[in-house]
Structure formats: structure tokens, C-alpha cells
Amino acid sequence: MPIKPPVKGSGPVDIHLKPSSDGSVSGPVIRPSVHGNLPEPPAIFSGARTPHHSGAEVVSPPSSITFRDALPVVEVAPTVGQLPLEAYHVPAASRLTDIDADGFRTFKGRQFAELPGQGIVQVGADPQTGLYRARLASELNPSGPVLERDSDGKLWHPLEEFATDRFRTPDPRSEAASTLEAMPHPEGDEGRARADDADDEFEIASESMPVKPYTDQELATMRDEVRYSFRGNRLGTYDRANNGKYPLRDTLGRPVRIRKLETLVTLTTGERFRSEPIKPYIKFEGYEDVARLYEEKLELRTFTEADMKVPGEKALIGQLMVVANKRISKGEALGLYGGTLSPVRLVRREEQTFTMLAGFSVHYTPGKFVEDPVVVIGDNIISRINSNFEYDATGKPIHQSPDGYNVQIVGFKVEADMLIGDRLVNRPYMLNALFASEDIAAGTELRWNYNYSDKEMKMIFP
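Quick note: the sequence shown uses numbering that gives the first Met the number 0, first residue 0, plus one each step.
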């Protein structure tokens, strides 16, 4: 299956040691813009507070950051001027507590992380991504390297940052005004998984197509909040249980709960898409009920020689493909591009196979603000749909094909709650939904346009 990247995402679970020499790429994007002079970090990130819900503090999105519907090239600023990790070291602190269940030592409410070699740094949650970064004692927002907890739960390691940024993108939008609809949010709901009944009032209707029963392990996987790992999401891998997970999750596997959803999207082609048909796929704690929605319409199987459309697709033989499990009508909603949210700069080149653009964040480095693409690392059946390429005489893909697609991705603006430290922070993202662009017969393979530029094609297929 060809490498596909909409919403560039990454899994910070793996420690990366070698830098990448790849440059950034361009393509149609949906991005936030920062208007006027940038304020000091506290002003842009703190936001206005809303009432507490079950002890969690909810922070509204910063008013200075909005999504801009545009198609220009994205030039991603590297993390320039960031101090080395050694600059954040603190003297050996005998007054710190022992390492707690979350992997931190503490002193007067401040959190510290122990590094390999007995180094210790103060840490704080990045107000945009929720990832932990080294911080100076004088900083309100951490500006140091991103750190990840070791598998033993005691030591923390720095995550390497990469210049390569390849990802799939949704179809270009128009600049028409949009309206976001509030999702159900009853009093006392803190936005995280609960043992009681889910509150989202979304009807889940189906045609009762036969679906293979889920095993006890698959049902447990749908409910588990597990740290993202690239090892379980490589090219050629697939776990059907991921269809039952919430469509947006942080790197620890926790739902990033959608609170507002755009009601109508107009593409540059004039096509209009409403969000009502995708709501069943957003049902919080829908688990196997949501997973069945995907499998009633879509089937994953192995690509064979008989499935080749052109000779260049010989390389796809033995990889995965997605076909219609029933007759699908033009305009029908088929699901969401679900997975893990992550800054793309933390994703290695080989991990960008299933990344798709989900928005942008802004983080502070000493003396400047840096804009980061945020991607979703797809792991459900939607992320395994193939694309069409043009090939040279040797069978090497060289261009994204302009046609031959029967499904399309539409990006809906959403506002969602991400847990940042001990606070719920409301952030803008793009929720990417799949719609049929024509009538599709049962058994037909689905193909959609990744919107790769020629530059991206050269990077993906060197």
C-alpha cells in the first residue's frame, strides 16, 4: 500500500537517535493564523477559564488563533534557538520526593524528571500538545526539548525532532463562513472516559450487515488507553479494534473529546457536506457499536495481482486494501480518519505513512513562537485506503494521479478538550471525514486522493 500522510501525526513513544536531512514540503492545508503582534506566552496560551467540571479545569481556546481555509505552501519553522537539554539541568536535589506513579519527583508542587545518567530537569506540560518539556524555573511555559517516559516508568528521554513533514490533506475548502455546533456536555462531565453511560445523543443506525463478532481482547483494546507506539502501526499492519476507539486521541491514548463540530463545509468545487451523517462515528464510548459502522460498509483485505489498475501497482501486491462491503451511494458518509494527535516534528520519516493534517499549534522557544503542523497518525480502516499514482517506465511512482477516485476526505473544524497536565484545554482541530464521491458497487476497492505534491512524491519514493 502506498505511503499516505494526511494530518501529519507522530507517536512519541519511540526514542529516535538519528537526525533527518529531509526538507519540508508543500501542499494544500488548513491552518491557524496568528494575527498581529504575538503576545508573551502567558497571554496566548492561558485563555479564559470556564467553570470546573468534576475537578478538571477547562481552558477556552486562545482567541488569537483561528483556522484559516487556504491552499498556500506551509513553511514550518524549525525549532531554532532551543537550548540544549543540559541547560535545563538542576543541581542534584536531595529534597525532591521519590519518583511517583506518574514518573515525577516533586518539590513544592513543581515536577521534576530524572534523566539517564542521574541528570534532573524541571518539566511542564506543553500548553498546546500536552507533551512534557524541560523548563527553566523562570518560565511559565516550558521551552525545552520534549521528554518521554521510559518503559520502566522511572527515567525520561528526550525525543528527537525532525524536519520532514509529509502528510495527507483533505480536499481544498472555500473561505465561506462556518458555524460550529455545540456537542452534548452535561453538568459534571469532565470530558474523559467514564464507567457510566455515555452522554452523546447520537443515533447509531445500521443495515444490520453481518459483522464478525469481536473477541474479548478486541473489546478490551477498544476501551484501553494505551500509549501510541509505531511498532503496532507499521505499513502492512492493522487492528480492527481501532475502529472502536475515539477518533481523536492524545499520545497516551486518552480521548481528545470533541465539544463543537462544524455543521457545513463547502469545498472549492462548490460541493457542500453536512456533519450530521458523521455524528454516529463520534459517539463517545461507542466502542463496538461504532466499530460495526465501519465494518458494515467497509472490508479490509489483501491486495492481489487481479486488483492492479496499472502495471506500476505491482508493488502493492501482498499489502492491504479497503473495499466496499455493500453498495454505497454517492455522498454517503463512510467514517472518520481516526488515530493519535501529535506534532509532526516528532514523527520520523518512516512513521509518516499514515499521517494526515489535523491542524496547527504554536509553541514558544526562547525568543520566538514557532508554528507546528499537528497530524493524526491514522490507525483505523479509513487510514488503510489506497491512492492512485502515475509511474515512470521503471514502475516508480512520480505523480499523484488527478483522477480515478471514488471517495474523498472532507475536513470539519472542531473544538476538542485535551488534557494538559491536570487541566482540560479546548483546542481547534480538523476532523477528517470520508464520503463517497460516486456510487460504489459492493466489492469495489476504495481510492482517495492524498493530495501529495511532486516534492512529497520524491521524498516518499526516492
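By construction, the Cβ of each residue, glycine as well, lies at the ideal position given by its N, Cα and C atoms.
Remember, it's a predicted structure, so these values are computed and weren't measured experimentally.
C-beta atoms of residue i and residue j nearer than 8 Å
i      : j      : result
Gly129 : Leu418 : yes
Glu261 : Thr393 : no
Glu224 : Gly252 : yes
Thr354 : Val361 : no
Ala240 : Glu217 : yes
Tyr386 : Arg446 : Inspection of the sequence shows that residue 386 is occupied by Ser rather than by Tyr. In this structure, Arg446 lies closer than 8 Å to Ser386 by Cβ.
Leu433 : Phe411 : no
Val120 : Val89  : yes
Leu333 : Leu356 : no
Ala323 : Thr443 : yes
Gly420 : Asp378 : no
Asn242 : Glu294 : yes
Asn232 : Ile376 : yes
Leu154 : Val145 : no
Pro401 : Val373 : no
Glu287 : Tyr213 : yes
Asp416 : Asn405 : no
Ile380 : Leu292 : no
Gly102 : Gly152 : yes
Rounded straight-line distance, which links the Cα of residue j to that of residue i
i      : j      : result
Pro38  : Gly317 : For Pro38, the pLDDT reaches just 34, beneath the cut-off of 50, and the residue's location in the model is therefore unreliable, leaving the point undetermined.
Leu95  : Thr105 : 6 Å
Asn448 : Pro169 : 9 Å
Glu113 : Thr250 : 21 Å
Tyr344 : Ser274 : Going by the sequence as given, residue 344 is Arg instead of Tyr. Cα-Cα distance, rounded: 30 Å.
Asp438 : Arg148 : 48 Å
Ser150 : Thr236 : 23 Å
Val409 : Asn140 : 34 Å
Met507 : Gly118 : Lying outside 0 to 461, the shown extent of the chain, residue 507 is not represented and no answer is given.
Ser23  : Arg226 : With a pLDDT of only 35 at Ser23, under 50, the local geometry of the prediction cannot be trusted, and no value is derived from it.
Ser452 : Phe388 : 11 Å
Lys282 : Met221 : 13 Å
Ala86  : Ile98  : 22 Å
Thr352 : Ser93  : 45 Å
Ile459 : Phe359 : 22 Å
Gly108 : Pro126 : 18 Å
Gly26  : Tyr245 : Unreliable positioning characterises Gly26 in this predicted model, as indicated by a pLDDT of 35, which lies under 50. The coordinate reading is nonetheless provided below. Rounded to the nearest angstrom, the two C-alpha atoms are 28 Å apart.
Leu319 : Lys308 : 15 Å
Pro171 : Thr339 : 23 Å
Tyr390 : His398 : 7 Å
Ala441 : Arg167 : 26 Å
Glu270 : Pro427 : 23 Å
Asn450 : Gln407 : 11 Å
Ala197 : Ala136 : Caution applies to Ala197, whose pLDDT of 41 falls short of 50 and renders its modelled position unreliable; the model cannot decide the point.
Leu335 : Lys278 : 10 Å
Gln110 : Arg230 : 30 Å
Glu331 : Ala435 : 5 Å
Lys211 : Ile384 : 20 Å
Val413 : Thr265 : 15 Å
Pro310 : Arg422 : 53 Å
Phe368 : Ala124 : 17 Å
Ser207 : Lys325 : Unreliable positioning characterises Ser207 in this predicted model, as indicated by a pLDDT of 40, which lies under 50. The coordinate reading is nonetheless provided below. Rounded to whole angstroms, Ser207 to Lys325 spans 11 Å at the Cα level.
Ala100 : Ser173 : 48 Å
Ser228 : Tyr280 : 24 Å
Lys329 : Thr267 : 18 Å
Arg134 : Leu82  : 10 Å
Arg248 : Lys395 : 35 Å
Beta-ladder partner(s) of residue i, from DSSP
i      : result
Arg258 : None, per the DSSP bridge assignment.
Thr105 : Gln110
Ile439 : Ile327
Leu445 : According to DSSP, Leu445 bridges with nothing at all.
Ala432 : Leu335 and Val409
Val120 : His88 and Ala112
Met417 : Val424
Glu147 : His156
Glu180 : Leu260
Tyr131 : Ala124 and Leu146
Arg172 : Leu266
Arg222 : Looking at the DSSP assignment, Arg222 forms no beta bridge with any residue, so it has no partner.
Arg239 : DSSP, once it has assigned bridges, lists no residue as partnering Arg239.
Neighbour flag for residue i against chain E, beta carbons, 8 Å
i      : result
Ile384 : Of the chains in the structure shown, none is chain E; there is only one protein chain.
Which full runs of the beta strand (DSSP E) of 3+ residues lie inside the region 241-328, going along the chain?
256-261, 263-265, 271-273, 297-301 and 319-323
Three or more beta-carbon pairs under 8 Å between the region 250-270 and the region 302-322, yes or no?
no
Any chance you could list the beta strand (DSSP E) runs of at least 3 consecutive residues sitting entirely within the region 320-407, in chain order?
332-335, 338-342, 354-364, 367-377, 388-390 and 396-399
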